[in-house]
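Q: Could you have a look at this structure, given as structure tokens, before my questions?
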Amino acid sequence: AGFYEYNTLDQNGIIGRHPDVCNLTLVNGFSGHGLQQSPAAGRGVAELLVHGSYQTADLSCFGFERITEGKPVFEQNIV
Numbered sequence: 006a007g008f009y010e011y012n013t014l015d016q017n018g019i020i021g022r023h024p025d026v027c028n029l030t031l032v033n034g035f036s037g038h039g040l041q042q043s044p045a046a047g048r049g050v051a052e053l054l055v056h057g058s059y060q061t062a063d064l065s066c067f068g069f070e071r072i073t074e075g076k077p078v079f080e081q082n083i084v
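Heads up: the sequence shown begins at 6 in the working numbering, then just goes up one per residue.
Given below as structure tokens:
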């Protein structure tokens, strides 16, 4: 039992820079999947901070903009 941390738009994590606060980078909202997804999210944010862009995997679809624009990301292959 515990608190589930997720956004109510699509229940996926939020990864990337905040569009209005230039020095705020977000990596949150993974709920129970955070342990599974943290290596990829951490690497992506490290690349974003060091190189200015994602290098290994494009995580831009998880950006904060999708929340403000109301464009959810839904998983396609859930078994």
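In this text, a Cβ means the ideal position worked out from N, Cα and C, and glycines have one as well.
Count the C-beta pairs between the stretch 52-65 and the stretch 34-44 that are closer than 8 angstroms, then say yes if the count reaches three, no if not.
A: no
Q: What first and last residue would you give for the alpha helix (DSSP H) that runs through G39?
A: G39 to H56
Q: With a threshold of 16 other CB atoms inside 10 Å of the CB of A46, please say whether the residue is buried or exposed.
A: buried
Q: Roughly how many angstroms separate the alpha carbons of Q81 and Q60, rounded to a whole number?
A: 23 angstroms
Q: Please look up how many angstroms separate the CB atoms of N33 and G21, rounded, as I've assumed it's under 8 angstroms.
A: Actually they are not in contact, since the Cβ atoms of N33 and G21 sit about 11 angstroms apart, beyond 8 angstroms.
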